[in-house]
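As they're listed, the protein sequences go chains A and B. End of the first sequence = 113 in the numbering used here, gap-free, step of one. End of the second sequence = 386 in the numbering used here, gap-free, step of one. Here a beta-carbon is modelled for each residue, glycine too, at the ideal position from N, C-alpha and C. Some notes on the structure that comes next.
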Amino acid sequence: MNIPSDLKYTKDHEWVRVENGDIAYVGITDFAQSELGDIVYVDVDTVGEELNQHDVFGTVEAVKTTSDLFMPVSGKVLEMNEAISEDGGDDPTLINSDPYGEGWIVKIQMTNPGELSELLDAGAYQALVS
Amino acid sequence: MKNTPLTEKHIALGAKMAEFAGYNMPISYTGIREEHQCVRTGVGVFDVSHMGEFIAKGKEALDLVQKVTSNDASRLNIGDAQYSCLPNHNGGIVDDLLVYRLPEDKCAEGEQAFMLVVNAANIEKDWNWINRENTFDARLTDISEETGLLAVQGPKATDALQSLTDLDLKNMKYYTFGKGTFAGAENVLISATGYTGSGGFEIYARNEDIVKIWDAIFEAGKDYGIQPIGLGARDTLRLEMGYALYGNDIDDTTSPLEAGLGWITKLKKGDFNSSDIFKKQKEEGLKRRLVGFFMDERRVPRHDYPILNESGESIGKVTSGTHAPSLDKPIGMGYVKTEFAKPGTKILIEFGRKQLPATVTKLPFYKPE
């Protein structure tokens, strides 16, 4: 199970990577993609919206199941990853093949970066999923 | 949780396992889409040993089967199988099942024998039900615990299996079966049946022979790209064909006529459980129908999502939904009021706070070559 040490994690299996200042990328973990199986569609209908921590920002459709996506921290959804979007590359399997890289889901502008300290580090997340 | 004779094999193969009907079963091995494609274009093997098998034997075994099932078992010759259902007394369905008319070599003079193959989740319920209904000269035996079942499905199934048996698989007609030696195991029943729409066979054998048979099938099928297939792909394959799944699309409250199973509800065969109710439904018309629909968008409908008409009024519920791997789009089935059941009708599916358009379509969703 791949759990990079430089990311923060939620109990709902999202990860956050802080890029610079208040900008961050959000995706789902290797564990999550493996549990979901073949991902066929990602619906993010909150681009441009300001959301609170734990709000639903989108939905992942796998063949067998549907899973909501939750904001790990409060912020504005700036964009959805074009490579996985229906209107862009339309290749949601990138989340299966590269969940922490090419398969990132949204870029956000954090409105309360202090919330990052509530999230799990790699060690704590590892303990959660093992 | 119970194991099948193959549970350890599945775990060793790296399968994602989950509890299903009290058994520890493989959900997928390499991924549902890949396994689905393997069955549609090649050949795949499912361990479905969790399913239940009952034997009904006796001078009035046919009378019992005729009373408890909706299809006409009197049409079965020895070596024939039939899809059927067990109606309850209120016009609903206790279970759906396969009925096999068995050879009579172990029967006394004047006796007939049938094998009833039922869903794993319903074994106890069905057993109690059929016994309660058995007022005939018929003896029932539950052989579920000692019987294993493999489904070998796909267009290359015949080629992959023929070297393992003297039975002529190529000329075995759909919904017939033979008994013989298979991979060195004796008294194996092989039927040209399945739940995928891609052709193939189902192989019933004693538990102690199942591992040997599984290994022999993979050895013989090597050149045909044979793969193990989990319950995840079993669901996508059956749903593309519009086959009902008990507990989702049919249950104790749904009539076989509403479910599109009129073709296995033989009202002319004589009285059987709920036949009066079904006759009345047929005369008066059905209030709701099980239909298939394509989503006009990409979200995938799931069990219990509400179905609405174009004005947003509730007209039914989704019973099954998935992303269809062969079509690469979402499909679903559900009950709607009869006036919305015509192919081409526009409906809405409610996804939480969103209502997304869908179109009623004829079944099957997909026709394998």
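Buried/exposed call for residue i, threshold 16 Cβ in 10 Å
{"i": "B:Trp280", "result": "exposed"}
{"i": "B:Glu219", "result": "buried"}
{"i": "B:Thr437", "result": "No information on residue 437 of chain B is available, as it lies outside the stretch 18 to 386 that chain B covers here."}
{"i": "B:Gly165", "result": "buried"}
{"i": "A:Gly4", "result": "exposed"}
{"i": "B:Gly238", "result": "buried"}
{"i": "B:Ala29", "result": "exposed"}
{"i": "B:Arg149", "result": "exposed"}
{"i": "B:Thr270", "result": "exposed"}
{"i": "B:Met312", "result": "buried"}
{"i": "A:Ala110", "result": "exposed"}
{"i": "A:Ser(-12)", "result": "exposed"}
{"i": "B:Thr86", "result": "buried"}
{"i": "B:Met132", "result": "buried"}
Spatial distance of residue i from residue j (CA atoms)
{"i": "A:Asn64", "j": "A:Asn(-15)", "result": "21 Å"}
{"i": "A:Ser80", "j": "A:Val43", "result": "15 Å"}
{"i": "B:Glu300", "j": "B:Ile95", "result": "34 Å"}
{"i": "A:Val25", "j": "A:Thr94", "result": "24 Å"}
{"i": "B:Thr210", "j": "B:Ala130", "result": "19 Å"}
{"i": "B:Thr339", "j": "B:Ile348", "result": "6 Å"}
{"i": "B:Gly361", "j": "B:Thr378", "result": "6 Å"}
{"i": "B:Glu77", "j": "B:Lys283", "result": "20 Å"}
{"i": "B:Arg92", "j": "B:Thr175", "result": "27 Å"}
{"i": "B:Pro273", "j": "B:Phe295", "result": "8 Å"}
{"i": "B:Asp345", "j": "B:Asp293", "result": "43 Å"}
{"i": "A:Lys90", "j": "A:Lys59", "result": "9 Å"}
{"i": "B:Ala138", "j": "B:Tyr322", "result": "23 Å"}
{"i": "A:Pro(-10)", "j": "A:Ile88", "result": "A small fix is needed here, since residue -10 of chain A is Leu in this sequence, not Pro. Distance between the alpha carbons of A:Leu(-10) and A:Ile88 is about 15 Å."}
{"i": "B:Tyr260", "j": "B:Ile267", "result": "10 Å"}
{"i": "B:Asn326", "j": "B:Phe357", "result": "8 Å"}
{"i": "B:Asp226", "j": "A:Ile11", "result": "44 Å"}
{"i": "A:Gly72", "j": "A:Val27", "result": "15 Å"}
{"i": "B:Asn188", "j": "B:Val134", "result": "23 Å"}
{"i": "A:Asp21", "j": "B:Lys229", "result": "32 Å"}
{"i": "B:Asn105", "j": "B:Asp89", "result": "17 Å"}
{"i": "B:Gly75", "j": "B:Leu81", "result": "10 Å"}
{"i": "A:Leu99", "j": "A:Val112", "result": "20 Å"}
{"i": "B:Gln54", "j": "A:Val23", "result": "15 Å"}
Chain A within 9 Å of residue i, Cβ atoms only
{"i": "B:His27", "result": "no"}
{"i": "B:Pro43", "result": "no"}
{"i": "B:Gly249", "result": "yes"}
{"i": "B:Gly259", "result": "no"}
{"i": "B:Val317", "result": "yes"}
{"i": "B:Asp266", "result": "no"}
{"i": "B:Pro323", "result": "no"}
{"i": "B:Phe63", "result": "no"}
{"i": "B:Lys286", "result": "no"}
{"i": "B:Asp252", "result": "yes"}
{"i": "B:Asn345", "result": "Note on identity: in this sequence residue 345 of chain B is Asp, with Asn being the wrong assignment. Closer than 9 Å to some Cβ of chain A, the Cβ of B:Asp345 qualifies, so yes."}
{"i": "B:Lys33", "result": "yes"}
{"i": "B:Pro342", "result": "yes"}
{"i": "B:Ala210", "result": "Checking the sequence shown, residue 210 of chain B turns out to be Thr, not Ala. Chain A contact via Cβ: absent."}
{"i": "B:Phe310", "result": "no"}
{"i": "B:Trp339", "result": "The question names Trp, but residue 339 of chain B in the sequence shown is Thr. It does: the Cβ of B:Thr339 has a partner Cβ on chain A nearer than 9 Å."}
{"i": "B:Phe382", "result": "no"}
{"i": "B:Phe368", "result": "yes"}
Min CB distance residue i to chain B below 9 Å
{"i": "A:Val46", "result": "yes"}
{"i": "A:Thr49", "result": "yes"}
{"i": "A:Asp26", "result": "yes"}
{"i": "A:Thr12", "result": "no"}
{"i": "A:Thr94", "result": "no"}
{"i": "A:Glu69", "result": "yes"}
{"i": "A:Thr29", "result": "no"}
{"i": "A:Thr42", "result": "yes"}
Listed by chain order, chain E residues near residue i by CB distance under 7 Å
{"i": "B:Arg50", "result": "Chain labels in this structure do not include chain E; the protein chains are A and B."}
DSSP beta-bridge partners of residue i
{"i": "B:Lys367", "result": "Note on identity: in this sequence residue 367 of chain B is Glu, with Lys being the wrong assignment. Answer by DSSP bridge pairing, in chain order: B:Gln372."}
{"i": "B:Thr86", "result": "The partner list for B:Thr86 (beta bridge, DSSP) is empty, contrary to what the question assumes."}
{"i": "A:Tyr24", "result": "A:Glu44"}
{"i": "B:Pro323", "result": "B:Lys334"}
{"i": "B:Pro347", "result": "B:His340"}
Sufficient close CB pairs (3 or more, under 8 Å) joining the segment 51 to 67 of chain A to the segment -1 to 14 of chain A:
Because the criterion of three Cβ pairs below 8 Å is met, the segment 51 to 67 of chain A and the segment -1 to 14 of chain A touch.
Is there contact between the segment 59 to 73 of chain B and the segment 25 to 44 of chain B, where contact requires at least three CB pairs shorter than 8 Å?
Contact between the segment 59 to 73 of chain B and the segment 25 to 44 of chain B is present: three or more C-beta pairs spanning the two stretches fall below 8 Å.
Given 8 Å, three or more beta-carbon pairs between the segment 182 to 201 of chain B and the segment 244 to 263 of chain B:
Inter-segment contact for the segment 182 to 201 of chain B and the segment 244 to 263 of chain B is absent: fewer than three beta-carbon pairs are separated by less than 8 Å.
Taking 8 Å as the cut-off, does the segment 24 to 35 of chain B touch the segment 29 to 47 of chain A (at least 3 CB pairs, one atom from each stretch)?
Because the criterion of three Cβ pairs below 8 Å is not met, the segment 29 to 47 of chain A and the segment 24 to 35 of chain B do not touch.
Three or more C-beta pairs closer than 8 Å, one from the segment 120 to 131 of chain B and one from the segment 47 to 58 of chain B: is that the case here?
Under the three-pair Cβ rule at 8 Å, the segment 120 to 131 of chain B does not count as touching the segment 47 to 58 of chain B.
Counting Cβ pairs, one atom from each stretch, are 3 or more of them under 8 Å apart for the segment 344 to 355 of chain B and the segment 298 to 308 of chain B?
The segment 344 to 355 of chain B, when compared against the segment 298 to 308 of chain B, does touch it at the 8 Å Cβ threshold.
So does the segment 205 to 225 of chain B actually touch the segment 184 to 191 of chain B, counting three or more Cβ pairs closer than 8 Å?
Because the criterion of three Cβ pairs below 8 Å is met, the segment 205 to 225 of chain B and the segment 184 to 191 of chain B touch.
Are the segment 94 to 105 of chain A and the segment 65 to 84 of chain A in contact at 8 Å, needing three or more beta carbon pairs?
In this structure the segment 94 to 105 of chain A does not lie against the segment 65 to 84 of chain A, because fewer than three pairs of beta carbons, one per stretch, are closer than 8 Å.
Would you check if the segment 359 to 373 of chain B and the segment 143 to 158 of chain B touch, i.e. whether three or more CB-CB distances between them fall below 8 Å?
With the rule of 3 Cβ pairs closer than 8 Å, the segment 143 to 158 of chain B does not count as touching the segment 359 to 373 of chain B.
Given 8 Å as the limit, is there contact between the segment 104 to 119 of chain B and the segment 129 to 144 of chain B, that is, 3 or more CB pairs closer than that?
Below 8 Å, enough C-beta pairs join the segment 104 to 119 of chain B and the segment 129 to 144 of chain B to call them touching: three or more.
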